[in-house]
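Novice: Structure below; questions to follow.
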Amino acid sequence: MPKYIKRTVSTGTVGAIMNDQKSLDSLFDKLLTNEQIFTNKEVLRHSYTPDELPHRQNQVETLASVLVSVFRGETPSNLFVYGKTGTGKTAVVKHVGKALVRKIGGNFFAKPFHSTRTVPDFVSTITTHKCPVWFIYMNCEVVDTQYRLLAKLGEYFGQTIPLTGWPTDKVYDTFFSTLDMEERLVIIVLDEIDRLLRKGSDEVLYNLTRINSDLSNAKVSVIGITNDLNFIEFLDPRVRSSLGEEEIVFPPYDAIQIQDILSQRAKMSCRSLDVIDAGVIPLCSAFAAQEHGDARRALDLFRVAGELAERERSKRIVERHVREAKERIEQDRIVEVVKTLPTQSKLILYSCILLEKYEPSGISTGEVYNVYRDLCKLSASEVLTQRRISDIISELDMLGIVNARVVSKGRYGRTKEIHMGVPVTQVKRVLEQDRKIERVTTYVPPIQHRLS
DNA sequence: CGTCCACAGGAATCCCTGGGTT
DNA sequence: AACCCAGGGATTCCTGTGGACG
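In case it helps, this note's numbering puts the first sequence at residues 3 to 454.
Structure (C-alpha cells):
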C-alpha cells in the first residue's frame, strides 16, 4: 500500500480521537465542503465514445466512403481495420456506424434486443430506402467461439438459442434462415477478430464472408477489427481476400496528438482547468506515447492521478500524482491477475518465486516441475504433467508475470529460461493468501548444484 | 564434426461440464 | 433414460532442435 494512504489514515484517526469536539466538527466540514476535482469521470472511461475524434478524420472519411454505398442500395465491401490498442479503431467504427444509422434510419446494435420484444419499428422508417440496415457491433473477446458468435447473431434477429447444446450447423441454419427472412442489409462489426482465429474458430469467418452467395433476400458485409498485425498472415487465404477488400490502418498516436485527446476529455471531466497542473497532461501523454501511442493509457493515468489527488484532498492534480498513478495502475493490474489465477498456475508461479532466490541466472522448466511436484504433495493438489506445466509457464509469460524464453544449453539440452517479470515480494504475498499456497509457505526447495 | 541432452511444442485423444433431443 | 454436441483443460505420444561436449 502506498505511503500517502497510511499517512492520511493514521494522522486522521489519531487527530479525530485526540482533538476536541470542535475540530471533530470541522473535520466533517472539511470533508463536506471539499471541492472535488472531477465532475464527470464517465468521459474518461474506455467505453465512452466522444462526438469528436481528434486526429482520426482520415479514417472516419475512408470508412464513410466505404459505407456510403448503402445509400445506393449496394452492399458495402468487406472491410479490415487494424491498428494497435488505444488508437481509436473501435471508437471510429462505432461513430461512423451511428452516423450511418441516424442518416438512413436503420438500427444500431451493441446488444441484442430481447427476443420477446417485437422488432423495433425501423422497418417503417426505412421504406423510402431500398432496404433496412442493421449495424451490429460484436466483441469477439466475449463471444470467442464459432458457436457463441452464431448464437449471438441469431439473438439479434429474435431467435432464442441456448448457450450450449445444439450442434453448430443447426445454429448456423437458424441464424441463416431468420436472417434471410426479409430483405435487409446487415453490417457486422467483429472487434478483436483475432480471438476467433486463436481459438480455432475461424471457420465461421469463412462462412460469414461467403454467405452472400447463398442469401436471396438479405445482404451481409463484415468489418473486422484487430490489433494483431500478424493476424492477416495466419488467415485462410480465401477469407483474407474476401475480408480485405478494403483496409483502414490506424497508426499510433504521437505524444502531441494524445495531448489533444486528453485535453478534450480533461476539459469535460474536471470541475475546471485550474485543478490541473501545467505539466500533468503532457506527462500523461508522454507515458502513453511510450506505450505504442495508447490513448486509453493516457486517460487511465489521468483518471487515477485525479483520484489520488482527490483522496489526498489536494486542490490540484500535479505531476507527482501522475507518476504515482503509473505505479499504481501497474501494481493493481499485477495483483488482480495473480489473485485470479487458477490454483495450478499459482503453484507454478510460487515454484518460480521460490527458485529465483537460488537461481538468479534463470530457472529451467525441469527445476520448476520438481519443486511444483513437491508443492502439490504438500498441498494435496493434483499433479499435472510436465507438458501441461510447459504451457502454463507460457501462459504466465504472456501475462507478463514471468519472462520465459527458450534457450539452448548445448550438451545440457534446451529449456525455457524463466525470470520473474514483476516485483517478487508483492506477488508472493498475494499468492500466500490462497488457501492451497498457505499450506506450503514453509517449504524450502532442495539446493540444486549444477555445472556452469 | 557428430552426438545427444532436456526439453519445446504440435496433434490426437480423453474427460468433464453444461446443455440439448428423442 | 439414453444419447448427441461444443468447448476447455488435461494427457499421451510424438517429432524436432541449438549448441557445448567429446
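For every residue, glycine included, the Cβ atom is placed at its ideal position computed from N, Cα and C.
Kindly confirm or deny that the segment 267-287 and the segment 77-86 touch, where touching means at least three C-beta pairs closer than 8 Å.
Specialist: Output reads no: the segment 77-86 does not touch the segment 267-287.
Novice: Provide the residue(s) that pair with Val474 in DSSP beta bridges, ordered along the chain.
Specialist: Shown here, the chain extends from 3 to 454; a query on residue 474 therefore has no answer.
Novice: For the beta strand (DSSP E) that contains Asn141, what are its first and last residues?
Specialist: Looking at the DSSP string, the run of the beta strand (DSSP E) that includes Asn141 is 135-141.
Novice: Mark Ile439 as exposed unless 16 or more other C-beta atoms lie within 10 angstroms of its C-beta, in which case mark it buried.
Specialist: Looking at its Cβ environment, which holds 16 or more other Cβ atoms inside 10 Å, Ile439 is buried.
Novice: In whole angstroms, what separates the C-alpha of Ser203 from that of Thr170?
Specialist: Rounded to whole angstroms, Ser203 to Thr170 spans 11 Å at the Cα level.
Novice: Report yes or no: do the segment 204-219 and the segment 89-106 share at least 3 C-beta pairs separated by less than 8 Å?
Specialist: These segments do not touch.
Novice: Grab the span of the beta strand (DSSP E) containing Asn209 for me, first residue to last.
Specialist: Taken as a continuous stretch (DSSP letters only), Asn209 belongs to no beta strand (DSSP E), being part of the alpha helix (DSSP H) at 205-211.
Novice: If I measure Cβ to Cβ from Leu245 and keep anything under 6 Å in the same chain, skipping five residues before and after, which residues do I get?
Specialist: Hits under 6 Å: Asn80, Phe82, Thr211, Gly226.
Novice: Kindly identify the DSSP beta-bridge partner or partners of Ala406.
Specialist: Ile420.
Novice: Quick one: what's Val222 bridged to in DSSP?
Specialist: In the DSSP output, where bridge partners are listed per residue, Val222 has Val188.
Novice: Skipping 5 residues on each side, what residues in its chain have a beta carbon closer than 6 Å to that of Thr444?
Specialist: If we look at Thr444 and ignore the five residues flanking it on each side, it has no Cβ neighbours.
Novice: So, with DSSP's three-state summary, where would you put Ile439?
Specialist: Here Ile439 sits in helix by DSSP.
Novice: Quick check for students: name the residue ranges of the alpha helix (DSSP H) that lie wholly in the segment 243-318, counting only runs of 4 or more.
Specialist: You should have 257-271, 282-292, 297-313.
Novice: Can the beta-carbon of Val306 be found less than 8 Å from the beta-carbon of Ala291?
Specialist: It is not a contact, given that the beta carbons lie outside the stated cut-off.
Novice: Looking at C-alpha atoms only, which residue of Ser287, His294, Thr345, Ile355 is the closest neighbour of Arg325?
Specialist: Minimum Cα distance to Arg325 is reached at Ser287.
Novice: Pop quiz: Ile365 and Cys354 are said to be a contact at Cβ under 8 Å. What is the actual Cβ separation, rounded to whole angstroms?
Specialist: Right, the Cβ-Cβ distance comes to about 6 Å (below 8 Å), so this counts as a contact.
Novice: Within 10 angstroms of its Cβ, does Ala297 collect 16 or more other Cβ (buried), or is it exposed?
Specialist: With 16 or more other Cβ atoms within 10 Å, it is buried.
Novice: Quick one, are the C-beta atoms of Ile39 and Glu419 less than 8 Å apart?
Specialist: The answer is no: Cβ separation not under 8 Å.
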